[in-house]
Amino acid sequence: MLTLDKLLIHQGGFQLRADFQLAPGRKTAVIGPSGAGKSTLLAALCGFVPLQGGRILWQDQDITDAPPAQRPMAMLFQDNNLFPHLSVSQNVGLGLRGDLRLDAKDQAAVAQALHRVGLTDHRDARAATLSGGQQSRAALARVLVQHRPLIILDEPFAALGPAMRYDMLDLVAALTQEQRATLLMVTHAPDDVRRIADDVVFVADGLAQPPQPATQLLNNPPQALQAYLG
Amino acid sequence: MAERAVEISKRSGIAAAGFVAAVILAALLAVLARAEGAGLGPADWAALRFTVVQAAWSSALSVGCAIFLARALARRRFWGRRAMITLLGAPFILPVIVAVLGLLAVFGRAGWLNDLLGLVGRAPLSVYGLHGVVLAHVFFNLPLATRLFLQGWQAIPAERFRLAAQLDLPAPVVAKVLERPMLRQVAPGALALIFVICLTSFAVALTLGGGPRATTLELAIYQAFRFDFDLSRAALLSVLQITVAGAAAALALWIVPPLAFGTGKQDPGPRWDARGGVMLFQDSAVIALALAFLALPLTAVALPGLAGLMDLPVSVWRAALSSLGVAALSIAVMLGLALPMAGWIATRRTGLAEAVGLLGLAASPLMIGTGWFILINPWVNPMSVALPVTALVNALSALPFALRILIPAFQDALSNFGRLSAALGLGSLAIWRWVIVPRCRGAIGFAAGLTGALSVGDLGVIALFADPGRATLPLLMYRLMGAYQMQAAAGAALVLIILALGVFWICDRWGQANADA
Chain A
0 MLTLDKLLIH QGGFQLRADF QLAPGRKTAV IGPSGAGKST LLAALCGFVP LQGGRILWQD
60 QDITDAPPAQ RPMAMLFQDN NLFPHLSVSQ NVGLGLRGDL RLDAKDQAAV AQALHRVGLT
120 DHRDARAATL SGGQQSRAAL ARVLVQHRPL IILDEPFAAL GPAMRYDMLD LVAALTQEQR
180 ATLLMVTHAP DDVRRIADDV VFVADGLAQP PQPATQLLNN PPQALQAYLG
Chain B
0 MAERAVEISK RSGIAAAGFV AAVILAALLA VLARAEGAGL GPADWAALRF TVVQAAWSSA
60 LSVGCAIFLA RALARRRFWG RRAMITLLGA PFILPVIVAV LGLLAVFGRA GWLNDLLGLV
120 GRAPLSVYGL HGVVLAHVFF NLPLATRLFL QGWQAIPAER FRLAAQLDLP APVVAKVLER
180 PMLRQVAPGA LALIFVICLT SFAVALTLGG GPRATTLELA IYQAFRFDFD LSRAALLSVL
240 QITVAGAAAA LALWIVPPLA FGTGKQDPGP RWDARGGVML FQDSAVIALA LAFLALPLTA
300 VALPGLAGLM DLPVSVWRAA LSSLGVAALS IAVMLGLALP MAGWIATRRT GLAEAVGLLG
360 LAASPLMIGT GWFILINPWV NPMSVALPVT ALVNALSALP FALRILIPAF QDALSNFGRL
420 SAALGLGSLA IWRWVIVPRC RGAIGFAAGL TGALSVGDLG VIALFADPGR ATLPLLMYRL
480 MGAYQMQAAA GAALVLIILA LGVFWICDRW GQANADA
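So this is what it looks like as structure tokens:
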């Protein structure tokens with residue numbers, strides 16, 4: 000259980016509040032107009048943006064001041080999710096050990112993750128040579144070996160075409176299920192929400208609202224959400 | 000964004016900056032302690048005046064001419080333009096003594112220019128004194144200023160020139176609305192940078208200046224030290240030198256533009272203005288004159304050099320080996336200092352540590368040399384450590400440039416991959432290994448190449464320390480020139496050019512390898 004206890008984020012003139020919990024195993028979409036603070040919220044949860052107030056709790060443990068790597072999250076950003084000059088398996092291996100001294104068990108884990116995302120044939124290719132879809136798969140393979148209870152996605156598939164994006168979302172859904180992880184992802188597309196999300200966090204006007212069941216919310220949107228969805 | 004930054008080399012960066020400051024301050028304290036005595040005589044004030052006057056002339060002429068050359072290069076497309084812009088980078092790594100030899104061959108007493116003047120029955124010109132020093136400084140700094148201005152021109156968005164073309168604005172209006180605002184931004188920094196460089200220039204003054212009317216402070220330190228062995232006067236002059244250069248450098252720190260030494264990857268778009276005949280003639284003349292000014296001296300060294308190459312004295316090869324050793328050591332020291340410093344500065348918002356690097360530019364090599372001579376003299380024979388001291392001082396002189404090359408590259412790598420590294424919990428060693436070195440190889444190789452080339456060609460502190468048996472190649476060349484062995488000097492010059500460019504090329508190549516990611 001991830002608890003956002005009266006979070007307050009301040010950046011320049013921008014302000015965002017959040018006060019809710021994420022139940023384990025749920026897949027939650029974060030939606031809202033651009034500039035509302037979706038990415039900032041995720042970055043704050045992962046420890047990249049300092050909080051002005053409030054606490055973040057994981058299983059009742061305070062992780063508000065923990066460095067990013069010591070939090071229970073694996074995060075994918077909008078871009079720069081791979082080191083382009085390293086090979087695919089090096090990129091995945093970095094999810095296990097920063098010095099890349101992988102023992103047999105680690106190497107097996109890397110191989111298995113690459114197999115799971117269908118990149119076994121590309122394990123020695125430099126990340127820069129991969130297509131956009133393959134890069135997303137490689138990044139997901141690293142999320143797999145990181146084996147964190149929370150998977151946080153900040154629109155990493157935004158640059159992909161619709162078919163490819165759906166592929167990735169299905170893959171994410173399957174991986175989340177397999178790992179019994181909790182998923183929190185930013186998206187712009189109501190289709191994505193319908194496809195993958197159990198719950199929705201709507202961010203607007205300086206507030207991240209508590210999660211609500213996705214279908215119910217999309218079928219019967221309140222006024223602000225309706226304005227956003229158009 | 001108020002974001003938590005990764006820390007990659009805070010402790011070692013502070014240690015390196017502290018080391019640099021300590022080396023310079025220890026030298027300064029040593030000279031301060033020795034700078035007793037009668038105060039400054041009229042000759043010393045003359046040296047101060049000459050130092051400032053020549054630096055002012057040099058920077059004004061370099062920048063003034065560079066504006067016209069850069070404008071011509073920015074708005075003309077011709078065959079060999081890229082090559083010429085690359086050539087503009089060469090004087091920066093060209094050994095000063097080689098360039099002086101070339102300038103003498105063209106403008107000297109028995110040079111090509113005086114041959115021409117003799118043909119039309121004019122009296123020969125002398126290249127020694129103020130105009131010789133300024134000429135050599137312009138030779139070195141005109142290309143540097145030109146490249147700074149070219150960057151400025153390239154920074155003007157192409158759309159603005161398209162808009163100007165669509166509105167059919169005449170050249171004077173284009174100059175007023177597009178070019179002059181850029182020049183006003185770049186020119187003060189270029190002036191300041193070149194002024195500081197010329198303040199501490201030694202080898203040019205040593206070879207083309209001298210005498211009561213053309214002695215710089217740097218040269219006066221050398222003469223007090225070497226000829227009169229008057230340590231306290233050398234120390235006094237050193238204090239004067241660092242006061243002047245330090246004040247100028249502190250001033251320059253605020254206005255010196257970022258240095259990009261690359262060739263400029265993208266070719267600028269076409270230009271539609273300044274198509275008139277007068278403008279075209281003017282630009283062509285400027286480019287041709289600049290090309291002659293820069294290329295003729297080099298040719299004048301290379302041609303007799305090839306002949307001299309056949310029978311070089313053995314001492315040349317021994318000196319060449321020493322120079323290579325000094326350069327290698329100097330690259331190692333520079334990297335040992337600049338990498339942690341750049342790593343530290345790149346994660347901070349203010350450029351405090353960059354100021355330490357700039358201190359290396361202000362603190363004259365001869366001041367540091369004099370100071371350390373005083374410090375180590377009681378313990379070891381300074382002659383025996385001439386080469387390591389030279390390497391250290393060379394590394395310090397290259398440090399400001401190295402930092403200006405490295406820091407933007409580091410900042411770029413960290414802004415792209417800092418979050419990912421933090422998310423993966425990479426330690427600072429892993430960040431160096433997986434992020435910084437591979438991403439910034441080009442910048443690191445370039446900084447190393449620049450340091451190596453400057454060090455191979457440096458004629459400065461080595462002149463203070465060296466005994467007859469121990470010389471670097473530039474010093475040996477200076478001695479050969481002093482003995483009027485011009486053929487051998489030209490041969491040595493050619494070897495020196497090849498070494499300087501070779502060291503630069505090897506390091507730069509290392510940086511370019513695998514740089515396609």
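So the sequences go chain by chain: A and B.
Sequential numbering from 0 applies to the first sequence in numbering that gives the first Met the number 0.
Sequential numbering from 0 applies to the second sequence in numbering that gives the first Met the number 0.
Using N, Cα and C, we set each Cβ at its ideal position, and we do this for glycine too.
Between alanine 487 of chain B and glycine 307 of chain B a beta carbon distance of about 6 Å is seen, short of the 8 Å cut, so the two are scored as contacting.
Within the region 117 to 142 of chain B, no residue has a Cβ lying closer than 7 Å to any Cβ of chain A. Residue contact check for phenylalanine 82 of chain A against chain B: a CB pair falls below 8 Å. Here methionine 0 of chain A carries a coil assignment [DSSP, helix/strand/coil].
Apart from the 5 residues on each side of it in sequence, threonine 39 of chain A sits with its Cβ closer than 8 Å to the Cβ of Ile8, Gln10, Phe13, Leu15, Val48 in its chain, given in chain order. Within the same chain, Arg136 come within 7 Å of glycine 117 of chain A by CB-CB distance, once the 5 residues on both sides are set aside. Glycine 94 of chain A reaches chain B at Leu423, counting residues in chain order whose Cβ is nearer than 8 Å. For proline 437 of chain B, the C-beta contacts it makes with chain A under 8 Å involve Phe82, His84, Leu85, in order along the chain. Assignment of beta-bridge partners to threonine 27 of chain A by DSSP yields A:Leu183, A:Asp198. Counting C-beta pairs closer than 8 Å gives three or more between the region 336 to 347 of chain B and the region 9 to 16 of chain B, which meets the contact rule.
Taking a contact as a CB-CB distance under 8 Å, the pair alanine 223 of chain A and alanine 196 of chain A does not count as one, their CB atoms being some 18 Å apart. Among the CB atoms of chain A, none fall inside 8 Å of the CB of alanine 98 of chain B.
Close to alanine 429 of chain B, with beta-carbon spacing below 7 Å, are these residues of chain A in chain order: Gly97, Asp98.
For histidine 84 of chain A, the three-state secondary structure derived from DSSP is coil.
The beta carbon of alanine 71 of chain B lies closer than 6 Å to those of Asp282, Val285, Ile286 in the same chain, with the five residues before and after it left out. Here phenylalanine 160 of chain B is not bridged, per DSSP, to any residue. Sequence-distant partners of proline 123 of chain B (beyond 5 residues in either direction) whose C-beta falls short of 8 Å from its own C-beta, in its chain, are Arg108, Asn113, Leu116, Gly117. With contacts defined by Cβ atoms closer than 8 Å, alanine 408 of chain B and alanine 442 of chain B form a contacting pair. In the three-state reduction of the DSSP assignment, aspartate 227 of chain B falls in the coil class, being assigned neither a helical nor a strand state. Here leucine 228 of chain A is exposed. Its C-beta has fewer than 16 other C-beta atoms within 10 Å. Listed along chain B is no residue with a C-beta nearer than 7 Å to that of proline 209 of chain A; the closest approach is about 26 Å.
Assignment of glutamine 211 of chain A by DSSP, reduced to helix, strand and coil, places it in the strand class. Among the residues of the region 175 to 195 of chain A, none has a Cβ less than 9 Å away from any Cβ of chain B.
The C-beta separation of phenylalanine 445 of chain B from glycine 510 of chain B comes to about 6 Å, placing the pair in contact by the 8 Å criterion. Only those residues of the region 404 to 424 of chain B whose C-beta falls short of 8 Å from the nearest C-beta of chain A are listed: Asn415, Phe416, Arg418, Leu419, Ala421, Ala422, Leu423, Gly424. Sequence-distant Cβ neighbours of leucine 493 of chain B in its own chain, meaning closer than 8 Å and more than five residues away, are Val300, Ala301, Gly304, Leu305, Gly307, Leu308. Of the residues assessed, tyrosine 477 of chain B falls on the buried side of the cut-off, its CB having 16 or more other CB atoms within 10 angstroms. Aspartate 169 of chain A and valine 436 of chain B have their C-alpha atoms spaced approximately 37 Å apart. In chain order, Phe464, Ala465, Asp466, Arg469 place their CB closer than 8 Å to the CB of methionine 382 of chain B, counting only its own chain and leaving out the 5 sequence neighbours on each side.
A contact between stretches requires three or more CB pairs, one per stretch, nearer than 8 Å, and the region 128 to 147 of chain B meets this requirement with the region 189 to 208 of chain B. If you look at tryptophan 57 of chain A, you'll find it in the beta strand (DSSP E) that goes 52 to 57. Fully contained in the region 84 to 121 of chain B are the following alpha helix (DSSP H) runs of length 4 or more, in chain order: 95 to 106, 111 to 118. DSSP places phenylalanine 201 of chain B outside both helix and strand once states are collapsed to three, so it counts as coil. Just so you know, the alpha carbons of isoleucine 220 of chain B and valine 95 of chain B end up roughly 19 Å apart.
For alanine 447 of chain B against cysteine 506 of chain B, the beta-carbon gap comes to about 4 Å, under 8 Å, which counts as contact. Going by DSSP, leucine 311 of chain B is part of no alpha helix (DSSP H) at all; its letter is neither H nor E.
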